[in-house]
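Throughout, the numbering used here is defined as the position within the sequence shown, counted from one, plus 80. Note that beta-carbon positions come from the ideal geometry of N, C-alpha and C, so glycine has one too. Take a look at the structure set out below.
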Amino acid sequence: MEGLIKCLPAVLRASGYAPEVTEAAALAAWKHAAGEQLRDHAVPIGLQDRTLKIAVADVIWRKQLHSMRGQMLFRINSLLGRPIVGAIEFIIDPDFYAHKRS
Numbered sequence: 081m082e083g084l085i086k087c088l089p090a091v092l093r094a095s096g097y098a099p100e101v102t103e104a105a106a107l108a109a110w111k112h113a114a115g116e117q118l119r120d121h122a123v124p125i126g127l128q129d130r131t132l133k134i135a136v137a138d139v140i141w142r143k144q145l146h147s148m149r150g151q152m153l154f155r156i157n158s159l160l161g162r163p164i165v166g167a168i169e170f171i172i173d174p175d176f177y178a179h180k181r182s
């Protein structure tokens, strides 16, 4: 997985920053940056207008992750090789585990 993550900037460039590839890369970068501890509590939904949308189970997780937002933005964009994600939005999703399974 580490090797694939390191290839994200090259994959993005090779695709000409195609929207589908950019979104997939941003989701993969979130999962890698979040690590195992957060991965089960914050599930990426999609990238829209440079905003990465993340589903969280409840207000407690949203508050906790909101305080880490700047650090996560830096980590994600570092993995992507350029500032592709401009913002992260944490959405309380009552169907949280449905997103987790997909």
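By DSSP's criteria, aspartate 169 is part of a beta bridge. Which residues make up the other side? According to the sequence shown, residue 169 is glutamate rather than aspartate. The partner list for glutamate 169 (beta bridge, DSSP) reads Lys133.
Measuring CB atoms only, is the stretch 134-150 touching the stretch 84-104, in the sense that at least three cross pairs come out at less than 8 Å? no
What are the start and end residues of the beta strand (DSSP E) that includes proline 124? Looking at the DSSP string, the run of the beta strand (DSSP E) that includes proline 124 is 122-128.
State the Cα-Cα distance for the pair glycine 190 and glycine 83, rounded to the nearest angstrom. Here the chain covers residues 81 to 182 and nothing more, so residue 190 does not appear.
Between the Cα of alanine 106 and the Cα atoms of Ile171, Val139, Glu116 and Pro89, which residue gives the shortest distance? Taking the Cα of alanine 106 as reference, the smallest distance to any Cα among Ile171, Val139, Glu116 and Pro89 is reached at Pro89.
On the criterion of 16 or more Cβ atoms from any shown chain inside 10 Å, does proline 174 qualify as buried, or is it exposed? With fewer than 16 neighbouring CB atoms inside 10 Å of its own CB, proline 174 falls in the exposed class.
Under 8 Å by Cβ, that's how I've got leucine 159 and alanine 113 pegged, so tell me the actual separation to the nearest angstrom. 6 Å
Rounded Cβ spacing between isoleucine 171 and isoleucine 134 (contact assumed at less than 8 Å): 7 Å
On the three-state DSSP scale, how would you describe methionine 148? Looking at methionine 148 - three-state DSSP - the assignment turns out to be coil, as it is neither helix nor strand.
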